[in-house]
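Numbering (this note's numbering), first residue to last: 303 to 997.
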């Protein structure tokens, strides 16, 4: 039995092996019988960040692969294997996405499915709109939001306004033409139709700016009075002369402090880039009343600059000039301070009541109005050479007894004049800048023509605000009826008087001829009051001009748009690493705008006749005209013009003066950059110069 079972088992295995050997895998007939793909669909996953990014995942049965037609104009389909996906970015809109499923036997089935892409509106929109600090008509706008693509702003000034576009972290600005309230509308775009917007109301106010003419409502001029000063805007009670305006300001100085006055804040800092001369119309009850005009920083009163002048007319309008040419324009000044009769307590009477009007900035001083300053020559038509006699002295304008072209002062000490009779060199306001005394430079000089030798002459200097702060010294004439230069050393103060104190500001000087003797009719000519450095006998402002002396005053006289200041060297490099240089800014004015400086003595051309000047120009080809003039007659002059060859670096220009007429006298040096072109005050018309030498 067991043997029979074994035989059947062997036969069964042989049959199975024969059957398996006949199977073939090349037979694909079964695929022909497969059905076409079915149940096609697609899953759309749209990101929620307003980018339009969509993930498309197709599904279906019996699909070997898919071809997806994106429906946005893209021609070629995307091939996707089962279980995979594709990503595509759509603009906001509706799209028919066609899905084609391809089976293993090539049979296809397709389905179209609608895809809708919509962006949500931006959220958390924040808008900031603020008036610019430097320009009260300018508004600056910034915005931020979530899901925005761009911002558009309507400033609300004109109808049918075209909006301006800007991005987050960007500031967009607009300057309004008139005052008023404006609605600013900022729209945040999503990249689609959804938007979010915010409105802001901005008010553009009439800023209080120069010039101040007081013609508006009194409330527009918010004076802040202090210590007895009381300024208000009133109807003009003194119409006539140079002032026929309807309204003016009035200052009544009441009992209080000697410095009582008033301050007014402007809408923005004063622009001193082109104009540095204040003018103001004043109606004073008397001649010689002092008027102080001061500018201050808006928040730091220690940053300031001031000038004081005196009235020359009683009960009539006059136009006073305040020379601010030495102001530090690197600082910001926004307040105007007015003090009448600084040093005297008012009483509120008519004698302490002043009118003022038309405060404005100009670029030039009227003839005879510039405040006197060292050196004093009596030859500059722009300077006010008023002097103040006391003790019955008498001083008049005159001419040099040895040179009719030279202007001088003639002082007579009449019979019976006080032993202390003298003359203040200028008005009660003193010099425009303090006398630059130092431990090693303590001298001044005066040219004197005396009727006799051995006459004592006293020179006194003081703080013009406090005459008790003074120092005086005496020297004696050595010749009769001839010019000599007297030197006064304040280290050697007169017996019984205060010693020199270098901590004191000395800005006023008085001269006393035949001091200590009662007047007997002696007549003295005098001229050329100067500060002395280096132990010399006269003012030392001469060649070379290197602008490095802290003791010297480099007084440039600007004209027709030229503006020169002495500044710290901003371009220490190359051939010029000096600390201090001259800077010329050529502002709008005339093609010949420039500046000149007067030297203490005539230039000596007897041996040397070649000028050299170091120049830093913004461009090659800029011209510099260097001219010398006679002290009293501008028609006596000589000039040469040289063009720069470098830009943005120092170079030394050479001016050949070999043809100059050495029989003439030349005291003044005139500088004109780009003669023939009107400047615009820009960097393209800003030049540095230094080391003017004669070689």
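Virtual Cβ for every residue (Gly too), placed ideally from N, Cα, C.
Annotated as proximal: residue 732 and residue 766, with beta-carbon spacing under 8 Å.
Taking the CA atoms as reference points, residue 491 sits about 20 Å from residue 442. Annotation: residue 629 is outside any beta strand (DSSP E) and is labelled neither H nor E by DSSP. The way I'd put it, the stretch 394-410 does touch the stretch 360-377; three or more beta-carbon pairs between them come closer than 8 Å. In the three-state reduction of the DSSP assignment, residue 520 falls in the helix class. By the CB criterion at 8 Å, residue 980 and residue 891 fall inside the cutoff. Put simply, the stretch 391-404 does not touch the stretch 426-433. Fewer than three CB pairs are less than 8 Å apart. Collapsing the DSSP output to three states places residue 653 in a helix.
From the listed residues 638, 404 and 391, the smallest Cα separation to residue 336 is found for 404.
DSSP places residue 985 within a helical segment (H, G or I) once states are collapsed to three.
Its Cα nearest to that of residue 876, the residue 954 stands out among 954, 356 and 827.
The beta-bridge partner set that DSSP reports for residue 760 consists of 776 and 814. The three-state reading of DSSP puts residue 733 in coil, since its state is none of H, G, I, E or B. Between residue 577 and residue 664, the gap from beta carbon to beta carbon is short of 8 Å. Distance from the CA of residue 812 to the CA of residue 761, rounded to the nearest whole angstrom, comes to 6 Å.
Relative to residue 419, the option among 456, 477 and 355 whose CA is nearest is 355.
When secondary structure is reduced to three states using DSSP, residue 745 falls in the strand class. Among the bridge pairs identified by DSSP, residue 886 is matched with 866 and 989. Residue 686 and residue 626 have their C-alpha atoms some 15 Å from each other. Of 540, 371, 556 and 538, the smallest CA-CA separation from residue 529 is found for 556. When the Cα atoms are used, residue 510 and residue 597 turn out to be separated by approximately 15 Å.
CA-to-CA, the gap between residue 829 and residue 909 works out to about 28 Å.
Note: residue 939 is bridge-paired with 931 in the DSSP secondary-structure output. Bounds of any beta strand (DSSP E) do not take in residue 383, whose DSSP letter is neither H nor E. In this structure, residue 382 sits away from residue 392, with a CB-CB distance that is not shorter than 8 Å.
If you check the CB distance, residue 620 and residue 613 come in under 8 Å. Shown here, residue 475 sits in a strand according to DSSP, grouped into three states. Cα atoms of residue 962 and residue 988: separation of roughly 29 Å, rounded to the nearest angstrom. Sorting 929, 970, 342 and 902 by C-alpha distance to the C-alpha of residue 958 places 929 at the top.
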